[in-house]
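Student:
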Amino acid sequence: MPEKDLSQYLAYLLASANRRMRIGLAQSIAAEEVTEEHWRILQVLADEQGRSMGDLAEAVLLNHPALTKNIDKLVARGLVQRAADPADSRRVLVYISDLGLETVARLRKSVDAHHEQIEEALGPRKTSQLKKLLESFIDETEPN
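Quick note: the sequence shown, position 109, residue 109 per UniProt numbering, numbers continuous.
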């Protein structure tokens with residue numbers, strides 16, 4: 001029986017596309033000396049609402065230990081801060097700082113430029129189709 005080529009597997013294609021996206025994104029935000037994970041954290045916190053670590057972990061697709069490590073780095077740089085939840089002092093909330101807001105504004109320009117390059121390469125129609133397919137895949141394959 002002939003072996004199936006690795007590139008014929010959806011898992012491989014998604015991993016390959018993710019790798020290319022991450023490399024391009026890393027290059028676009030390198031000047032700010034942040035990682036993709038840092039950008040996602042800052043982007044979510046940019047609404048200035050503050051988030052619990054659990055809510056933030058889910059929103060930025062990180063497990064708790066990885067999130068804690070990233071938050072520690074962002075706190076050290078003055079981009080985010082931790083504070084007790086006014087409604088429950090046992091709970092810690094994470095907030096973006098003024099410096100973090102300035103940084104995320106610059107990052108947004110770089111990330112948007114990166115996404116515009118991808119849309120230019122694919123065209124607006126294919127880009128829209130790809131987003132819809134990925135959203136559908138995420139929604140329809142969510143674990144119970």
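Just so you know, even glycine gets a beta-carbon here, dropped at the ideal spot from N, CA and C.
For R21, which option in L74, N70, E116 has the closest C-alpha, if you only look at C-alpha atoms?
Tutor: A small correction: the amino acid at residue 21 is Met; Arg does not occupy that position in the sequence shown. The shortest Cα separation from M21 among L74, N70, E116 belongs to E116.
Student: Whole angstroms are fine: how far does the CA of P124 sit from the CA of F137?
Tutor: If I take the Cα positions, the gap works out to 20 Å.
Student: Spatial neighbours of G78 within its chain, please: CB distance less than 7 Å, with the 5 preceding and 5 following residues excluded, ordered by chain position.
Tutor: Result list for G78: S97, L99, in chain order.
Student: DSSP on Y12, reduced to helix/strand/coil?
Tutor: Of the three classes helix, strand and coil, the one that applies to Y12 here is helix, per DSSP.
Student: Give the C-beta separation of R51 and L45 to the nearest angstrom, bearing in mind that I take them to be a contact with Cβ-Cβ under 8 Å.
Tutor: The Cβ separation is near 7 Å, so the contact holds.
Student: Per DSSP, which one or two residues make a beta bridge with I96?
Tutor: Per DSSP, V80.
Student: Compare the Cα-Cα distances from I118 to each of G24, V34, K132 and report the closest residue.
Tutor: Of the candidates G24, V34, K132, the one whose C-alpha sits nearest the C-alpha of I118 is G24.
Student: Rounded to a whole number of angstroms, what is the C-alpha to C-alpha distance between E135 and T141?
Tutor: E135 and T141: Cα-Cα distance of roughly 10 Å.
Student: Please classify H64: is it buried, with 16 or more other beta-carbons within 10 angstroms of its beta-carbon, or exposed?
Tutor: Under this definition H64 is an exposed residue.
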